[in-house]
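Notes follow the structure.
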Ligand SMILES: [Fe+2]
């Protein structure tokens, strides 16, 4: 049986930010808290958002969300929310900010600390603060998904937040807000979208409309990522990558898999998520190569403009490795500066990961050990 969940409403285009004041009013939000990070303030992206709101609106700001989302960042944002009697949240940023907002909207209305929320996801009710997302990267899909990862401490593995009640109320995808994203992050977040498309597409959830979306998102990444990385002012490439990111987010509704499980194995260091998953993708595609024939890899290879045959998994792996090199991304986790050596712990993280549930084939412990070793480098 196909299960087709619904996405939040989305405004998508250059200039979509103009919809924000009306959307806040519709939700009765008079005193929003904007959560963001310092880079976005420094690069003027926050100001662009502020300019779209009425000058006399009482707006509070918390601009210190870290590069990977932490409980401390959410707790500090909550203090600002409460001190200013805020009545809604606007998340302006990449996956870290947008996922932080998911926990924050619960913490704002539930009489529980953030760690209690993360340890008691079943206690999250629909009584959450209004939450609008404005992505400034193109790739995480966090603007529309109902899950995310929050690190208890910077160097501790992420805990999952997952509940339909944390799904954002609305996403405003205005590619203008991605124009200042530097090349390396454009590359890494864009490749994250590709991993969402492939893991969603081959997952064991049947959802033909989303499968078509995943293939279309794949084509956009393949066609436009190099342009967006080479020239950040290429408006067409930016818009196409924003759409690919959104489509990757829709693909996540079918679940993820071993690529994302592997990224958790190295989650005890603050490494960039998008870079981790694209480094992990070739190994997982090779693992699938002789196991998933007739089960989607050929169609996926076609979407990547590759020959579709029994070697599709290997072809996809080679193509992604080549894309990573061309985009200046690393090919192993060691190249990212990861120095830990406790392979058994990494393998256990992979085996225990909830990302395995939707996987078409779950690697065994031995297979995960091989995957971890290969991805680690
Ligand atoms: Fe991801």
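Residue numbers (my numbering): 719 to 1095. Just so it is clear, CB atoms sit at the ideal spot from N, CA and C, and this is done for glycine as well.
Ranked by Cα distance from residue 784, the options 732, 733, 861, 873 are led by 873.
Rounded to the nearest whole angstrom, the C-alpha separation of residue 803 and residue 746 is 14 Å. Contact between residue 1009 and residue 1079 holds, with the beta-carbon distance rounding to 5 Å and staying under 8 Å.
Its Cα nearest to that of residue 1061, the residue 1095 stands out among 1044, 1095, 971.
Of the residues 998, 921, 1039, 1006, the one whose Cα lies closest to the Cα of residue 1090 is 998. Per DSSP, residue 778 lies in no alpha helix (DSSP H) segment; the continuous beta strand (DSSP E) that holds it begins and ends at 778-780. Of 970, 1073, 824, 1037, the smallest CA-CA separation from residue 1003 is found for 1037. Beta-bridge partners of residue 750 (DSSP): 806.
For residue 866, the uninterrupted beta strand (DSSP E) segment begins and ends at 865-868. The C-beta distance from residue 849 to residue 809 rounds to 7 Å, short enough to meet the 8 Å contact threshold. With 16 or more other Cβ atoms from the protein chains shown falling within 10 Å of its own Cβ, residue 1022 counts as buried. Fewer than three pairs of CB atoms, one per stretch, sit closer than 8 Å, so the segment 959-978 makes no contact with the segment 823-837. The beta-bridge partner set that DSSP reports for residue 880 consists of 865. Two segments are said to touch when three or more pairs of C-beta atoms, one from each, lie closer than 8 Å; by this definition the segment 1062-1073 touches the segment 976-994.
A heavy atom of ligand 1 is found nearer than 6 Å to the CB of residue 910. Between the alpha carbons of residue 1024 and residue 1030 lies a distance of about 8 Å.
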